[in-house]
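**Student:** A single structure is presented below for examination.
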Amino acid sequence: DFGERKGQAERMLGLMDVFLKNDPISLQKDILHHVEYTVARSRFSFDDFEAYQALAHSVRDRLIERWHDTLIHFKKEDPKRVYFLSLEFLMGRSLSNIVINLGIRDQFADALSQLGFDFEVLAEQEGDACLGNGGLARLSACQMDSLATLDYPAVGYGLRYQYGLFRQVIVDGFQHEQPDYWLNFGNPWEIERVHITYPVKFYGTVTDEFLNGEKCKVWVPGEMVEAVAYDNPIPGYGTRNTINLRLWAAKPSDQHDMESFNTGDYVDAVVNRQRAESISSILYPDDRSYQGKELRLKQQYFFVSASVQDIFRRFKDTHKKFDEFPEKVALQLNDTHPSLAIAEVMRVLLDEEHLSWHRAWDIICKIFSFTTHTVSPEGLEKIPVDLLGNLLPRHLQIIYDINFNFVEELKKMIGLDYDRLTRMSIVEEGAVKNIRMANLSVICSHTVNGVSRLHSELLRTKLFKDFYDLWPHKFQYKTNGVTQRRWIVVSNPSLCALISKWLGTEAWIRDIDLLIGLRDYATNAELHQEWKMVKKVNKIRLAEYIEAMSGLKVSLDAMFDVQTKRIHEYKRQLLNILGIIHRYDCIKNMDKNDRKKVVPRVCIIGGKAAPGYEIAKKIIKLCHVVAERINNDNDIGDLLKLVFIPDYNVSVAEMVIPGADLSQHLSTAGHEASGTGSMKFLMNGCLLLATADGSTIEMVEEIGQDNMFLFGAKAHEVVALRKKGPTLKVPLQFSRVVRMIRDGHFGFEDYFKSLCDKIEGTSDYFLLGADFMSYLEAQAAADKAFVDEERWTKMSILSAAGSGRFSSDRTIQEYAENTWDIQPCRCPF
Ligand code: CR1
171 DFGERKGQAE
181 RMLGLMDVFL
191 KNDPISLQKD
201 ILHHVEYTVA
211 RSRFSFDDFE
221 AYQALAHSVR
231 DRLIERWHDT
241 LIHFKKEDPK
251 RVYFLSLEFL
261 MGRSLSNIVI
271 NLGIRDQFAD
281 ALSQLGFDFE
291 VLAEQEGDAC
301 LGNGGLARLS
311 ACQMDSLATL
321 DYPAVGYGLR
331 YQYGLFRQVI
341 VDGFQHEQPD
351 YWLNFGNPWE
361 IERVHITYPV
371 KFYGTVTDEF
381 LNGEKCKVWV
391 PGEMVEAVAY
401 DNPIPGYGTR
411 NTINLRLWAA
421 KPSDQHDMES
431 FNTGDYVDAV
441 VNRQRAESIS
451 SILYPDDRSY
461 QGKELRLKQQ
471 YFFVSASVQD
481 IFRRFKDTHK
491 KFDEFPEKVA
501 LQLNDTHPSL
511 AIAEVMRVLL
521 DEEHLSWHRA
531 WDIICKIFSF
541 TTHTVSPEGL
551 EKIPVDLLGN
561 LLPRHLQIIY
571 DINFNFVEEL
581 KKMIGLDYDR
591 LTRMSIVEEG
601 AVKNIRMANL
611 SVICSHTVNG
621 VSRLHSELLR
631 TKLFKDFYDL
641 WPHKFQYKTN
651 GVTQRRWIVV
661 SNPSLCALIS
671 KWLGTEAWIR
681 DIDLLIGLRD
691 YATNAELHQE
701 WKMVKKVNKI
711 RLAEYIEAMS
721 GLKVSLDAMF
731 DVQTKRIHEY
741 KRQLLNILGI
751 IHRYDCIKNM
761 DKNDRKKVVP
771 RVCIIGGKAA
781 PGYEIAKKII
791 KLCHVVAERI
801 NNDNDIGDLL
811 KLVFIPDYNV
821 SVAEMVIPGA
831 DLSQHLSTAG
841 HEASGTGSMK
851 FLMNGCLLLA
861 TADGSTIEMV
871 EEIGQDNMFL
881 FGAKAHEVVA
891 LRKKGPTLKV
901 PLQFSRVVRM
911 IRDGHFGFED
921 YFKSLCDKIE
931 GTSDYFLLGA
941 DFMSYLEAQA
951 AADKAFVDEE
961 RWTKMSILSA
971 AGSGRFSSDR
981 TIQEYAENTW
991 DIQPCRCPF
């Protein structure tokens, strides 16, 4: 009957256009069609949100076309694929990004304007997908964009949380958290795959059984839930390739609780089933502390198990021999969160595919690569053995076995150095026995990546020194990058047009190295004029946002000075606030003449604090009380303003970053693994005031020290400074501003006492006092540069021109070549 089916297929094809058309009439028809039949509003009466929905569905149709073609092409070519496992993806909005990558933004904008709608206004209707916390999660999103653009055969795997990162609401200067039920208004960018489901097992017991005369382990689970796939197509730019980001949602399993239906109360049994869904219900909002919560572990295993089943299914579709597995599969662990995948792949190979330990282990050692995103040992995930053993009894056995073999091997290599053996073991002994997920990941991966050069150095000399001494060849680094599609083309259209005009090409959108060509015009008066205009346009947009949000009018002549990122002690937002208090204090004590020389500033701070992170929350409150004081002091006027931007997320960032003149990156040296916010500011021609930490060190190499305001102790000096403890001198200026807070100059002195105690005396772990003078000097240098407009503009042009190295395209290419060993697989047009 193949002939019959083929005949039918041909008839069906004849009924459809080969491709959807992108001329204005076709687009308008398509949008109206979706208004009427998808959104189910009359085409004579629909509002902006409904128009957005119809628009999104028209875009989605075109996206799906390419996505199908890519998947078919990959299937045909069967290249080695990289599977990118990440518990977090911070996608933000999708519409603008997608139409730009598909190359049909202008066509849609024209079509809409003929219908009486403005593309930009509709794009604003979209809510953010905040399925991640901060740096790590946004990095994953940028990397997906680059993977697609560079034609790599990649699949992203993650969790489809029903509640994304909390919304931050400020009440009386205090942070409050509100749930982000982001799916309330539907999500046109995902495709629910009701037929792509896998059972995921938990709890239960492991028994020994005999199969064909061989002993094998059988895991009899105590609970089963179903993982359902939701596919999110990710289009590349300048290519037909559109790759898949597959997010799993938990649903009750039909097999799981037949028994309870027979024995118990029917209604109760149905209600109980709903508990299964809680696994994918919420994103944990702490980005660096691990409390050994069972639900978190369940989430990790749930997404890992479903992804691994999916990967095996795909492999087995076309391959019989598992020895070919490493030729077709690269598994990337984005931090330790997905590292249970190691034990899971091992379990499947041993218990389900019945490979010998030796063969299975050989495969494991060839397929995993691990990237860590932290510098501090406390940031490394540990899982209590009891918790793991209860939830995943078979996995605990496998991890013990891996560890046993490892330690035996290690003894042969290093002898009975018990301290070192203890440090390197996957199992941490102690009152609570823990599994060290980082050790597991390092031991089982062929490559361990850091996210900047300095980070890699710290990994080799501190965090993973023992492992580096053993396996130096495993350790690499790939300095992070961000995608210029999102961070220039989508978020700063005027700059995008300007760059293309001066470079005479749009090719830099795919080939970022071309940006360097801007250097040739760094002193060109005409470019300077246009460059300043672009900045002004973006400052106006930001100023309007600030006014709409807080009622505060800010002067466009002032320097817009921005620090936006998650609130953390090591990121030192507090240093910024103390600097602002100092500036305020100085202005207050100036006479009229001196005040004329002050460079007016609008200081902008934004970022979320983890709900349980008290100190971070106090920093937010401090920012508000200081702002209250300064902004209401008529004596100060436009010389100084302080604004806290609430609910910082991807789309707020898209507006704030292009409008910034100066951005601050103040982490105590040696604490920021990389930092990626700085890269977005740099690309947008914003000047950086920063410590020599993470990726900023590499930025200095690209744009030169003269084009940045660097300050503070270097990473290698920090340790020595800490040792000085109480003998460490802090400047009078520092003591004075802390005293102002303690004395209640801004109110709430009792509440802020613990904050002040944290930075005075021996407890100033992040060295605010030690770095304060140097910080003030860097600020003064920034003021001086700002009044020299020509110099400032030149620095700004050189910043953008030198930002090419910080594109995620470069990062991904390095991963593909040096870690995953994959080749591009380009879908023909
Ligand atoms: C690091 O703190 C880095 C990003 C992306 C962060 C930051 O320096 O740029 O990862 N870590 O690599 C993180 O978010 C949860 O950990």
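Position in the sequence shown (from 1) plus 170 gives the number in UniProt numbering.
Glycine included, each C-beta is placed from N, C-alpha and C at the ideal position.
Quick caveat: nothing in here was measured; it's all calculated off a predicted structure.
1) Need the endpoints of the alpha helix (DSSP H) that Arg-606 sits in, please.
2) Based on the DSSP output, what are the partners of Glu-347 in its beta bridges?
3) Taking the straight line between their C-alpha atoms, what separation do you get for Asp-350 and Gln-332?
4) Please state whether the Cβ-Cβ distance between Pro-901 and Phe-936 is less than 7 Å.
5) Is the distance from the Cβ of Gly-832 to the Cβ of Leu-857 below 7 Å?
6) Apart from the five residues just before and just after Thr-659, which ones in its own chain have a Cβ nearer than 7 Å to its Cβ?
7) Go ahead and pull the three-state DSSP assignment for Lys-954.
8) Please determine whether the Cβ atom of Asp-457 lies at a distance below 6 Å from any heavy atom of ligand 1.
9) How is the alpha helix (DSSP H) around Trp-531 delimited, first residue to last?
10) Which two residues bound the contiguous beta strand (DSSP E) that contains Ala-971?
11) Using DSSP bridges, identify the partner residues of Asp-589.
12) Should the segment 890-904 be called in touch with the segment 950-961, which here means at least 3 C-beta pairs below 8 Å?
13) Which of the three DSSP states is assigned to Ala-843 in this structure?
14) Would you be able to state if there are at least three C-beta pairs under 8 Å between the segment 251-258 and the segment 508-528?
15) Rounded to the nearest angstrom, how far is the Cβ of Pro-455 from that of Asn-303, given a contact under 8 Å?
16) Please confirm whether any heavy atom of ligand 1 lies closer than 6 Å to the CB of Gly-304.
17) Would you give the residue range spanned by the beta strand (DSSP E) that Cys-386 belongs to?
18) Would the beta-carbon of Tyr-647 fall within 7 Å of that of Arg-623?
19) Taking 6 Å as the line, does the beta carbon of Glu-842 fall inside it for any heavy atom of ligand 1?
20) Should Val-618 be counted as a contact of ligand 1 given a C-beta to heavy atom distance under 6 Å?
21) Tell me whether Val-652 counts as near ligand 1, meaning its Cβ is closer than 6 Å to at least one heavy atom of that ligand.
22) Measuring CA to CA, which of Asn-604, Arg-466, Glu-930 and Cys-793 is closest to Thr-897?
23) Note down, in chain order, each residue of its chain lying with its Cβ closer than 7 Å to the Cβ of Gly-829, except the 5 sequence neighbours on either side.
24) What's the gap between the Cα of Leu-628 and the Cα of Asn-573?
25) Identify every run of the beta strand (DSSP E) within the segment 875-907, keeping only runs that are complete inside it and at least 3 residues long; order them along the chain.
26) Taking its Cβ as the centre, do 16 or more other Cβ atoms sit within 10 Å of Glu-396, making it buried, or is it exposed?
27) Please state whether DSSP places Thr-631 in a helix, a strand or coil.
28) With burial defined as no fewer than 16 other Cβ atoms inside 10 Å of the residue's Cβ, what is the status of Asp-276: buried or exposed?
29) By Cβ distance below 6 Å, which residues in the same chain neighbour Gln-223 in space, the five residues on each side in sequence not counted?
30) Report all residues from its chain with a CB closer than 8 Å to the CB of Ile-361; omit the five preceding and five following residues, and keep chain order.
31) Would you say the beta carbon of Leu-503 is closer than 6 Å to some non-hydrogen atom of ligand 1?
32) Bridge partners of Trp-418, per DSSP?
33) Note down, in chain order, each residue of its chain lying with its Cβ closer than 6 Å to the Cβ of Ala-971, except the 5 sequence neighbours on either side.
34) Buried or exposed: Leu-726, going by 16 or more other Cβ atoms within 10 Å of its Cβ?
35) Could you tell me how far apart the beta carbons of Ala-500 and Thr-412 are, in whole angstroms, since I believe they sit closer than 8 Å?
36) Thinking just about the alpha-carbon of each residue, which of Arg-996, Glu-824 and Phe-904 is nearest to the one in Thr-653?
**Tutor:** So, from the listed chains and residues:
1) Run containing Arg-606: none in the alpha helix (DSSP H); it sits in the beta strand (DSSP E), 604-606.
2) DSSP lists Gln-338 as partners of Glu-347.
3) Rounded to whole angstroms, Asp-350 to Gln-332 spans 8 Å at the Cα level.
4) Against a cut-off of 7 Å, the Cβ pair of Phe-936 and Pro-901 comes out as no contact.
5) Gly is not the amino acid found at residue 832; the sequence shown has Leu there. Contact: yes.
6) Going by the sequence as given, residue 659 is Val instead of Thr. Sequence-distant partners of Val-659 (beyond 5 residues in either direction) whose C-beta falls short of 7 Å from its own C-beta, in its chain, are Ile-270, Cys-666 and Ile-679.
7) Helix at Lys-954.
8) Correct: Asp-457 has its Cβ closer than 6 Å to ligand 1.
9) Per DSSP, Trp-531 belongs to the alpha helix (DSSP H) from 527-537.
10) Residue range 959-971 is occupied by the alpha helix (DSSP H) that includes Ala-971, with no beta strand (DSSP E) assigned at that position.
11) Paired residues: none, contrary to the question.
12) Verdict: no, contact absent.
13) Of the three classes helix, strand and coil, the one that applies to Ala-843 here is coil, per DSSP.
14) Result yes; three or more Cβ-Cβ pairs closer than 8 Å.
15) That belief holds up - the Cβ atoms of Pro-455 and Asn-303 are roughly 7 Å apart, short of 8 Å.
16) Yes, the Cβ of Gly-304 comes within 6 Å of a heavy atom of ligand 1.
17) Note, Cys-386: beta strand (DSSP E), 384-390.
18) Yes, the Cβ-Cβ distance between Tyr-647 and Arg-623 is below 7 Å.
19) Flag set: Cβ of Glu-842 near ligand 1.
20) No, the Cβ of Val-618 stays beyond 6 Å of every heavy atom of ligand 1.
21) Not so, every heavy atom of ligand 1 lies at least 6 Å from the Cβ.
22) Closest by alpha carbon: Glu-930.
23) The answer, listed in chain order, is Asn-708, Lys-709, Arg-711, Leu-712 and Phe-730.
24) Separation of Leu-628 and Asn-573 (C-alpha to C-alpha, rounded to the nearest whole angstrom) is 25 Å.
25) Runs found: 879-881.
26) By the neighbour-count rule (16 or more Cβ atoms within 10 Å), Glu-396 is buried.
27) Thr-631: helix per DSSP, three-state reduction.
28) With fewer than 16 other Cβ atoms within 10 Å, it is exposed.
29) Once the five neighbours on either side are set aside, the close Cβ partners of Gln-223 are Val-209.
30) The answer, listed in chain order, is Ile-234, Tyr-400, Asp-401, Asn-402 and Pro-403.
31) With a cutoff of 6 Å, Leu-503 does not count as near ligand 1, since its C-beta is closer than that to no heavy atom of the ligand.
32) Beta-bridge partners assigned by DSSP to Trp-418: Leu-329 and Ala-399.
33) Cβ within range, chain order: Leu-685, Ile-686, Leu-688 and Arg-689.
34) Under a 10 Å Cβ-count criterion, Leu-726 is classified as exposed, with fewer than 16 other Cβ atoms of the shown protein chains found around its own Cβ.
35) Rounded, the Cβ-Cβ distance is 20 Å, inconsistent with contact.
36) Ranked by Cα distance from Thr-653, the options Arg-996, Glu-824 and Phe-904 are led by Glu-824.
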